[in-house]
Every structure is written in structure tokens, then in C-alpha cells.
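**Student:** So the protein sequences, as listed, match chains A and B.
According to numbering that gives the first Met the number 0, the first sequence is numbered sequentially starting from 0.
According to numbering that gives the first Met the number 0, the second sequence is numbered sequentially starting from 0.
Dropping the structure in here first, questions after.
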Amino acid sequence: MEPEAPPVIRGFGHSVRRKEDPRFIRGQGNYIDDIKLPGMLYMDIVRSPYAHATIKRIDTSAALKAPGVVAVITGQDLAAAGLAWMPTLMSDTQMVLPTDHVVYQSQEVAAVLAETRYAAADAITLVDVEYAPLEPVIDPFQALEAGSPLVRPDKDTKSNHIWHWEVGDRAATQTAIDNADVVVTEDIYIPRIHVASIETCGCVASYDRVSGKLTVWMTTQAPHAIRTVFSLVSKIPEHKIRIISPDIGGGFGGKVPVYPGYVCAVVAALTTGLPVKWIEDRSENLQADSFARDYHIHAELAADKTGKMQALRIKTIADHGAADAAANPSKFPAGLFSIVTGSYDMPMAHVEVDGVYTNKPPGGVAYRCSFRVTEAVHAIERMVDCLALKLDMDPAELRMKNFIQPEQFPYKSVLGWEYDSGNYPAALTKALDKIGYAELRTEQLEKRARGELMGIGISTFTEIVGAGPSDTFDILGIKMFDSAEIRIHPTGSAVVRIGVQTQGQGHETTFAQIVAEELGLTVENIDVEHGDTDTAPYGLGTYASRSTPTAGAATAMAARKIREKASHLAAHLLECSVDDLEWIDHQFQVKGAPERSKSMTELAFAAYTNHPRGMEAGLEAVCYYDPPNLTFPFGAYIAVVDIDRGTGEVKVRRFVAIDDCGTVINPMIVEGQIHGGLTMGLAPALYEQIWYDPQGNMHGGTLMDYLVPTSMETPSWETDRTVTPSPHHPFGAKGVGESATVGAPPAIVNAVVDALSHLGVTHVEIPMTPPRIWKILQDKGVAL
Amino acid sequence: MSVEPQATCTVTLRVNGTEFTSAVEARLLLVHFIRENLDLTGTHIGCDTSNCGACTVLLNGEAVKSCTLLTIQADGGEVETVEGLEQNSVLHALQEGFFQEHGLQCGFCTPGMLMSAKALLAANPSPTEAEIRRGISGNLCRCTGYVNIVKAIQYGAATLRGETAVGTQAPSTKELSQSHA
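Structure follows, in C-alpha cells:
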């Protein structure tokens, strides 16, 4: 008889088709709005038309008389229960519902509960709210001036200034700048944007009065942290709260915070005893959920005359809206913005950021970005190009000259980070070769001679992800470890439960591949579960590209605990010492006698049927992984743009992205992540912005005017990779979900500036919309 | 003839081949009828301005945004939703294409994309990339950057033309050489 072929494990490096897809392609996903419970009420929210106003009166009587309406909740009702305010993740406070004062347009003012969705929507128009408008605080610089109206009179400081944060050596940076041959200076605004995941936020809250258990299905990227916060705020014992994050239709950072709607729905479920569903409209999602960015950056980069960088100085005003409701680690009010020295061997730097309140929705969350890294990368990558222009150097050559070199890793940056690994020259060289850089420069010269506007832009970014080591990283005091639990069943299949939560990243596939690789089980026989706090081990959730660096590591380490136990089972079955065994080709073999071997499937059976006396039965393990450091993915991106002199339209003709995220688990999924990330980098560079007029009216509050890129604008991305494993991660992975969003915008801006640099243009603000570009063309006398 | 928004009307529609007669409010959106009355939750809602296309279904073979139609406007019509694509436990070629070409991530836009793609291929069995991009330009995706959605539709189109679709993704058993820590 022919020996059986060994099972195909399909561990690392396999483009395993996704285990989650069969349900999604059939329309069988289970998203929040698909959940329907018997007797469920629907909640809709009354919102403020004013950015800043006093509430004189709320009359709910007409709404309460409307057909199907069950209750109306106001801030006064919540105040009676001590719930009118809630903590933010940054230890600030935020109104759930106001008692007397609204601080941003579209702020939640009252919640209506009704028997049907339509009845609730009808009734919100019947809640009569009398406002007395106040002068709004819109410009963050004016907000800091003496005499500005106060956004938060509840604060003791009686100021719109929230916090000051700085890092680096102020005096030495000043000296280095004073002594430098060349200093370039630029003001860079990173506008307010919104993740606009295609699924909006929502929840279904259900309270069982008999068991005292509260179950909340909600669109959250961090169910365990939410459970703890809910318990602390509500005083419901934590074991009586179950948070379930079902299929999530995109997160990108926007589903990390707790929004007032969730709290109102929970309060409604607790008080009515009926299940309550709340689903945002898109307009509500864009107008009131946490925004991203809104950084006003003043940057100075100093160098010697050969282009060697000497110092970087950054001052930033961070517009946080009406509350600091960012989702940064607690000790990092400006997130990881101090990665701003980038991929360059910067001798000196000083960075300061001031957080400011304004009458805009609260936040400062990510937009597919690890804690303010996009702002940092935009600043440094723009400044490098400004320096290249000033020195009349090729921007690729200037980057090569200043890169941290491969032999310098692990590299301690002047602002305090220890970069784990990297090979920046290799990535840039690969990108230059792939796009044909020299030929493009020749083409550009020819086109310029004909009056055509073409530009080539480079971004060689360094990311900082995988938060994070417990000595410095926590959210509300909870350390940012992550977890995995693996149970191997007697017949050799497995269930893996993880503390992170997929929103499209493909964890059900890639985490199965990690276990397959570590234990020699086939991917098909491994199911991954997540998002249910009653079953998954405690974890801090998925954002900031942290799943693979933290929970992925935990999964590998849990698998290795299982392998260790299995080695004793193998020794028992093979009647040898554990020291005589080696793990080869995904099974245990007796050294020198490969025919004497035991697979994990055989050992799993033995763990329940034939384990030695004195050994515990079963084969399972849990790991809570505390990463020793962050990981530092990187990449080299090159964009080629053409500008229409008649319309000012920027067309991204080509875009080459070379990414290095260390070890690749599933190449297909990694490439997919990069495609999506690039598109979310293109978006703020060219299209998306939320802005406010002086009265605090929001612009960009629907998908009619908040321009999410369609298939028509999005180029066909060209991707490739280098592989520089992380030395401290159990299998060398670094995380990849956000690299492209972080790295892409400055490549596109640099390309546009490059197309216009011969006209004297050194900087263009984003989004680089046709009107903005056409105005520049007009000013420079080249508009057609 | 006008009708009050909350007046009750009786409609008869065929949805995925099954006929339903229901009394509905005149103002009931087709997407809510499909999702709430028929419990076919594969059709999603992603916006309130007809921009995102997550609610796309076929009405009499034409791709429509079901958040922008009243149920009574579909009276007497033939509606097809994502749940109708699979026939006799065999996936539609487009579903297979999305699976093989990694044409989805969070999956929320996917049903709408599939239905827009089906309408596109019915009108044009051999679309160019530009024609595919135009065909799905009413459907927003935040995860994929559209590259693999285009490939997925090309895959499905080839299958529907009777050709053997050649995917662009590596077979999932192929080893890649790379260093591991």
C-alpha cells in the first residue's frame, strides 16, 4: 500500500482562501443590524442643530403621544441615574446626553424609543427643544486666545487648552537648528477626516431581569475593554455583562470609542426590560462619531549643505473637538506622534503638541492608523521633500543619504523608540526599480518642456505598531497585552479563541494558519472564534495594527505550550526520552530514526485516551502575551501623477508600494490589506475632508459631500514586498493593516508638489481637490 | 394618484423566485421590506443618500438601490437579492470569483457588489477593466481598494462565458520562500 501523503498544513506563506468568506458571499454574515430579538424596541436620537448653545427646555410630550413611542430619554433622566456624563478612553469626560448645554452640531440631545424603526424616526421630530445659541469656538488657535468662549465650562482650568505634551531636547534642537547650513520650514494641516466604514455603528442591548445579565451586541473593535468600562460605570458586576462583537462591517478605528448612543440603548434596555436596537444613519455616523487627524503642524528640518539631516522641530495644535475622546494609550496623549523622525538617522529633535477643545464632535481617533502615526509620517516625508527642493537634490538620493542603515538596528531614535529591524535602502531600491524611476524623470523633463504637469513622489515611511509593552502601554489602566486560547480536540481538530476582533482583516484564516504552522494541524481543522467576552480570553482588541504582533504572538506561544506538553506524550508513546525527540516537518521524530514519529493528531488522541499516569489529561493552553517592544513595519512608496491644467484634477497614474511587514502569514491577505490601506491613503490626499464654517456647521456630513473614493478614482495599485522579520516577535511578524494608509498620502502630495515645483510651489495642503489645485495653477499663470 | 405615506397598501412581489403578498406602509423602503419583512439580511444599508450601493438588488433584472425605492414601486416586480445567487448548492460564478480572488474583506459591501456585477455581466459579458470599474462605481468599498473586486468580476465573467477562469492569486497550497524568525 502507498504511504499516505502528509496532510497539507498550509501554514505561513500560503494564500489560503478565507474561512470567513463562504458566509459573506452568500449574504449570511451576521452584522449588528441583522440581529432581531422578540419584542425589540428601536431607538433613534434627537440631535442638536447648533454647535454651541444652551438648552432652555426639552418638551417630550408630543413625542410621547405619538403612535408606537414607548419612552424618551433626556439628559435629566440620565443625570438622575448619574449617567449624564461618561469617561472617555483618555480620562476626559463626555456628555452622554446634555442637561443644559450642547457643544457640537449633531450632538445627541435625547433618545426616543419606539416599537418600530419608522415610529422612532417619526417621533424624534416631535421632541421640542428650545436652544439659546452661544458663540461657537471653531478655530483652535482662536480657542487658545484670552477671552475665547469656553467649550467646557465644567472644567476647573477655565481654558480651552486640554494638555501639553513634549518630547526631545528643546535646547539642543534649537542649537542644532541655529548652526545648520539649511533649514526648511512648513506649516502642514492634516484635516479632519472620518473612517466612514460602510457599516455604521450600532448595538442591540438586552437585559435579562431574572439572571441579571446584560448582553450587548455592538459594533466594537475592543469588546473586553468595553465590558470593563461598562461594569465600572454601571456598577453591574463584570460577569453579568456580555459584550458580543458580531461580524463588523469595517472598523478602522471608528469602532473603538463608546458613543452616547450605545449608552442610551443600554440604559433603555435596563429600564424598559426590553431589548433595544440602535443603528446610526450614515449622516449621524459622519456628523457625530469620532473623527481622525485635525493636526495643525509647524515643522522645521535642518541639515548641512550636503543634505545630512541635523535636527527636526515640530509644534502642533491638536483640535480635539469637545472632548479628548481619542483612543490612544493612556500615557500618550499625542499617540505615537514621536515616530516623526521617520526612517532617518536624525541626531536631534524636539516635538510638542497641545490639545485644544473646540465646538466640534469629540475624538482624535485613528483612521486606519496607529495612534497619530499618519500625521507624523506626513510631516517628515513632506519635510524631506522640502529639503530636497531647497538643496536641489533628488528626493530619492536625499533619503538614501539619511536612512538608518541596516546594520544600525536595533536603532534607538533620538525621541526614544527602539526600532526593531529594517532595511530601508533595499525597499527604496526595489521601488525605484519597479517603477522605472530614471525613465520617469526623463519623461517628466520632456513633458515639462511641453508644458505638461507630471510629478513623481516618494514616501519612505516607518510605522510603529503592535501596542504594546505593559510597562508603558495601557488603556484606562488595562495593560495592552493580548491573548489566545487553544483547545485541541481528541480527534485532532482545534478551536482557537483570541482577544482581538476581526473587522475584515481575516483573523479566522490567518490565526488558523499560525496554529497550523506551529502544531502541524491542517487549516481546515482549526476554527477561530472571537468577539464574545463570555468565551474569548481577555484582550484589548483590534486597532493600531496590533492583532498579529500581540494576539498573533500569543497564539504562537500558546501553541508552543501545547507542543511542549505534546512532546511528553510523544516520548510516552515512542518510549523514549523527551530529549531524544525533535520537531521536524510538523511532527515529533526520534532523533536519527525518522520512521519513529508522532503527529499532533495522534498526540491529541493520546492526550485524552492514553496519557501517562501523573500527566493531566487534555491538550489546551492559554497565553497572555506582553510584547517586549513595538514593531516597526516600513515601506517605500512612489506615486506618479498627472495634473490637468484645465480642471486642476490630479490623476494618480501609477503607484508602486513596497511593504515590509516582516514574516508574511498569508500573502493574499497581506496584499489585500495594502490595497485597502492605499485607497484610504488616496482618500484624504485627494478627496476627503470634514470642515466647519464659522457657525460650526459641518461640511462633509453625508456621502454626498464626503467623498469616499469609488472604483473610478482608485488606481490599480502595484505592490511588492521585502521581508525583514521582527527579531522579538515569536515568528517575526510586524503587522500590516495600516502601513499603506500611513505611507501613501505624502507620496501623492510629494508627487503633486514635484509636478509644480518648477513654478515655485513647495507645499500643497490636502485634500488636493481640483479647485485647490486649479487656484495654484491660476496663481502661477499656467491654468488653461 | 397619490397615497398617504402611512397608508397600508398590498403588494405582491417575487423575491428570489418566491412570491410574497404583503400589506405594507406606502412609505416602506424596499430595503426594509427585504431585510425586516422577509428576513433576507444579506442586503445591507450603508448610507442614507443612495451613494454606497450596499443595498443594491436586481429589480426585473436591473441593478437598483433598494434604499431609494418604495416597496410599492416594486409591486408586481421580480426582485433578486444576494441570497438568490446560489442555486442548488452551487455558488454563482461571481461568488466563486470573489472567494478565489479575495474580492472582499469585511464583507459588508459584498452583496451589493455582487448584484451590481451580475447586472453588469448580463448587459456586457466581456467587460474591460474600465467597464467593470464603471459598472461598480455606484458601490463603495472601504476595505479592498477595488483591485481584487475587479479581478473577482473578471473571474466570474470568464466562468459565465464558459471559459476556465484563471485566477490571479497563488493556489493556496503553493509555498512561498521567505525567511522566518
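We treat Cβ as the ideally placed atom computed from N, Cα and C, and that holds for glycine.
Quick caveat, the model's predicted, so the values are computed rather than measured.
For A/Arg25 and A/Glu237, what's the separation of their Cα atoms in angstroms?
**Tutor:** Taking the first sequence and counting its residues from 1, the one referred to as residue 25 of chain A is at position 26. Taking the first sequence and counting its residues from 1, the one referred to as residue 237 of chain A is at position 238. Computed Cα separation, rounded: 36 angstroms.
**Student:** Looking at A/Ile240: is its Cβ nearer than 9 angstroms to the Cβ of A/Thr214?
**Tutor:** Translated into the one-based positions of the first sequence, residue 240 of chain A becomes position 241. Translated into the one-based positions of the first sequence, residue 214 of chain A becomes position 215. Closer than 9 angstroms, so yes.
**Student:** Is there a Cβ of chain B sitting closer than 9 angstroms to that of A/Pro766, yes or no?
**Tutor:** Position 767 of the first sequence holds residue 766 of chain A. Chain B contact via Cβ: absent.
**Student:** Given that A/His674 touches chain C, what residues does it touch there, using C-beta distances under 7 angstroms?
**Tutor:** Here the protein chains are A and B, and chain C is not one of them.
**Student:** Along chain A, in chain order, which residues have C-beta atoms closer than 9 angstroms to that of B/Phe97?
**Tutor:** As a first step, residue 97 of chain B must be located in the second sequence, where it is residue number 98. Ordered by position in chain A, the residues that pass the 9 angstroms Cβ test against B/Phe97 are Asp20, Phe23 and Ile24.
**Student:** If the cut is a Cβ gap below 7 angstroms, which residues of chain A does B/Ser136 touch?
**Tutor:** Against the second sequence, residue 136 of chain B aligns to sequence position 137. Ordered by position in chain A, the residues that pass the 7 angstroms Cβ test against B/Ser136 are Thr709, Ser710 and Met711.
**Student:** For A/Ser482, which of helix, strand or coil comes out of DSSP?
**Tutor:** Translated into positions along the first sequence, residue 482 of chain A becomes position 483. The answer is strand: DSSP assigns A/Ser482 an E or B state.
**Student:** With C-beta atoms as the reference, is A/Ala483 less than 9 angstroms away from A/Ala310?
**Tutor:** Here residue 483 of chain A is taken as the residue at index 484 of the first sequence, counted from 1. Here residue 310 of chain A is taken as the residue at index 311 of the first sequence, counted from 1. In this structure, A/Ala310 does not lie closer than 9 angstroms to A/Ala483 by Cβ.
**Student:** Taking 9 angstroms as the threshold (C-beta atoms), are A/Asp641 and A/Thr357 in contact?
**Tutor:** Indexing the first sequence from 1 puts residue 357 of chain A at position 358. Indexing the first sequence from 1 puts residue 641 of chain A at position 642. In this structure, A/Asp641 does not lie closer than 9 angstroms to A/Thr357 by Cβ.
**Student:** If we count the other Cβ atoms within 10 Å of its Cβ and call it buried at 16 or more, is A/Ile313 buried or exposed?
**Tutor:** Translated into the one-based positions of the first sequence, residue 313 of chain A becomes position 314. Buried.
**Student:** Per DSSP, A/His297 forms a beta bridge with which residues?
**Tutor:** Numbered from its first residue, the first sequence carries residue 297 of chain A at position 298. For A/His297, DSSP records a beta bridge to A/Asp186 and A/Lys314.
**Student:** Which of the residues in the region 176–210 of chain A, read from start to end, lie with their CB under 7 angstroms from any CB of chain B?
**Tutor:** Ala195, Ser196, Ile197 and Glu198
**Student:** Give a yes or no on whether the minimum CB-CB distance between B/Arg132 and chain A is below 9 angstroms.
**Tutor:** In the second sequence, counting from the first residue as 1, residue 132 of chain B sits at position 133. For B/Arg132, the answer is yes, since a Cβ of chain A falls inside 9 angstroms of its Cβ.
**Student:** From which residue to which residue does the alpha helix (DSSP H) around A/Glu619 run?
**Tutor:** Along the first sequence, read from residue 1 onward, the residue named residue 619 of chain A stands at position 620. That residue, A/Glu619, is in no alpha helix (DSSP H); its beta strand (DSSP E) goes Glu619 to Tyr624.
**Student:** Around the C-beta of A/Met0, are 16 or more other C-beta atoms found within 10 angstroms, so that it is buried, or is it exposed?
**Tutor:** Along the first sequence, read from residue 1 onward, the residue named residue 0 of chain A stands at position 1. The predicted position of A/Met0 is uncertain, since its pLDDT is 48 and thus under 50; no value can be drawn from it.
**Student:** Taking only beta-carbon positions, decide if A/Phe370 is within less than 9 angstroms of chain B.
**Tutor:** As a working note, residue 370 of chain A is residue 371 in the first sequence. Closer than 9 angstroms: no.
**Student:** Helix, strand or coil for B/Thr7 per DSSP?
**Tutor:** In the second sequence, residue 7 of chain B corresponds to position 8, counting from 1. In this structure, B/Thr7 counts as strand in the three-state DSSP scheme.
**Student:** Measure the alpha-carbon distance for A/Pro536 versus A/Val111 and round it to whole angstroms.
**Tutor:** As a working note, residue 536 of chain A is residue 537 in the first sequence. As a working note, residue 111 of chain A is residue 112 in the first sequence. C-alpha separation (whole angstroms): 36 angstroms.
**Student:** Where does the unbroken alpha helix (DSSP H) through A/His674 begin, and where does it stop?
**Tutor:** Taking the first sequence and counting its residues from 1, one reaches residue 674 of chain A at position 675. Where A/His674 is concerned, the enclosing alpha helix (DSSP H) stretches over Pro666 to Leu685.
**Student:** Can you list, in chain order, the residues of its chain with a C-beta nearer than 6 angstroms to that of B/Gly155? Leave out the 5 residues immediately preceding and following it.
**Tutor:** Here residue 155 of chain B refers to the residue found at position 156 when the second sequence is read from its first residue. The answer, listed in chain order, is Ala92, Leu93 and Gly96.
**Student:** For A/Thr115, which residues from the same chain have a beta carbon less than 7 angstroms from its beta carbon, with the 5 sequence-adjacent residues on both sides left out?
**Tutor:** Taking the first sequence and counting its residues from 1, the one referred to as residue 115 of chain A is at position 116. The residues are Tyr41 and Gly67.
**Student:** Cβ of A/Arg381 less than 9 angstroms from any chain B Cβ?
**Tutor:** Walking along the first sequence from the start, residue 381 of chain A turns up at place 382. Not an interface residue.
**Student:** Quick one: Cα of A/Ala543 to Cα of B/Gly106, how far?
**Tutor:** Along the first sequence, read from residue 1 onward, the residue named residue 543 of chain A stands at position 544. Along the second sequence, read from residue 1 onward, the residue named residue 106 of chain B stands at position 107. So the alpha carbons of these two residues sit roughly 21 angstroms apart.
**Student:** Note down, in chain order, every chain B residue with its Cβ under 7 angstroms from the Cβ of A/Trp716.
**Tutor:** By 1-based counting over the first sequence, the position of residue 716 of chain A is 717. Neighbours of A/Trp716 on chain B, chain order: Gly144 and Val146.
**Student:** Hey, is A/Met89 close to the ligand SAM, as in C-beta under 8 angstroms from one of its heavy atoms?
**Tutor:** The model depicted lacks the ligand SAM and carries no ligand whatsoever.
**Student:** Comparing the C-beta of B/Ser176 with each C-beta of chain A, is any distance below 9 angstroms?
**Tutor:** Counting from one through the second sequence, the residue named residue 176 of chain B turns up at place 177. Because the pLDDT of B/Ser176 is 32, which lies under 50, any placement of that residue in the model is unreliable, and the number read from its coordinates should be weighed accordingly. With 9 angstroms as the cut-off, B/Ser176 counts as an interface residue toward chain A.
**Student:** Let's see if you can read the secondary structure: which residues bound the beta strand (DSSP E) around A/Asp207?
**Tutor:** Residue mapping note: residue 207 of chain A aligns to position 208 of the first sequence, counting from 1. Gly201 to Asp207 is the extent of the beta strand (DSSP E) around A/Asp207.
**Student:** By how many angstroms is the C-alpha of A/Leu414 removed from the C-alpha of A/His100?
**Tutor:** Translated into the one-based positions of the first sequence, residue 100 of chain A becomes position 101. Translated into the one-based positions of the first sequence, residue 414 of chain A becomes position 415. Those two C-alpha atoms are separated by around 41 angstroms.
**Student:** Could you give the DSSP three-state label for A/Gly252: helix, strand or coil?
**Tutor:** Locating residue 252 of chain A in the first sequence gives position 253, where the first residue counts as 1. The answer is coil: DSSP assigns A/Gly252 none of H, G, I, E or B.
**Student:** Is the beta carbon of A/Thr701 sitting closer than 9 angstroms to the one on A/Ser282?
**Tutor:** Translated into positions along the first sequence, residue 701 of chain A becomes position 702. Translated into positions along the first sequence, residue 282 of chain A becomes position 283. Closer than 9 angstroms, so yes.
**Student:** Using 8 angstroms for Cβ pairs, my map puts A/Gly456 next to A/Ala638. What's the rounded Cβ distance?
**Tutor:** Translated into the one-based positions of the first sequence, residue 456 of chain A becomes position 457. Translated into the one-based positions of the first sequence, residue 638 of chain A becomes position 639. Yes, A/Gly456 and A/Ala638 are in contact; Cβ-Cβ is about 5 angstroms, under 8 angstroms.
**Student:** So is A/Val355 buried or exposed if we call it buried at 16+ other beta carbons inside 10 Å?
**Tutor:** Numbered from its first residue, the first sequence carries residue 355 of chain A at position 356. Buried, by the Cβ-count rule.
**Student:** Restricting to Cα atoms, I'd like to know which of B/Glu82, B/Ala157, B/Ser1 and B/Gln5 is closest to B/Ala121.
**Tutor:** For the purposes of this step, residue 121 of chain B is taken as residue 122 along the second sequence, with counting starting at 1. When only C-alpha atoms are compared, the closest one is B/Ala157.
**Student:** Taking the CB atoms as reference points, tell me whether A/Met679 and A/Ser14 lie closer together than 9 angstroms.
**Tutor:** For the purposes of this step, residue 679 of chain A is taken as the residue at position 680 of the first sequence. For the purposes of this step, residue 14 of chain A is taken as the residue at position 15 of the first sequence. For A/Met679 and A/Ser14, no; Cβs fall outside 9 angstroms.
**Student:** What number of angstroms, rounded off, separates the C-alpha of B/His181 from the C-alpha of A/Val275?
**Tutor:** No information on residue 181 of chain B is available, as it lies outside the stretch 0 to 180 that chain B covers here.
**Student:** Pull the bridge partners of B/Ser21 from the DSSP assignment, please.
**Tutor:** As a position in the second sequence, residue 21 of chain B is number 22, starting the count at 1. Answer is B/Val10.
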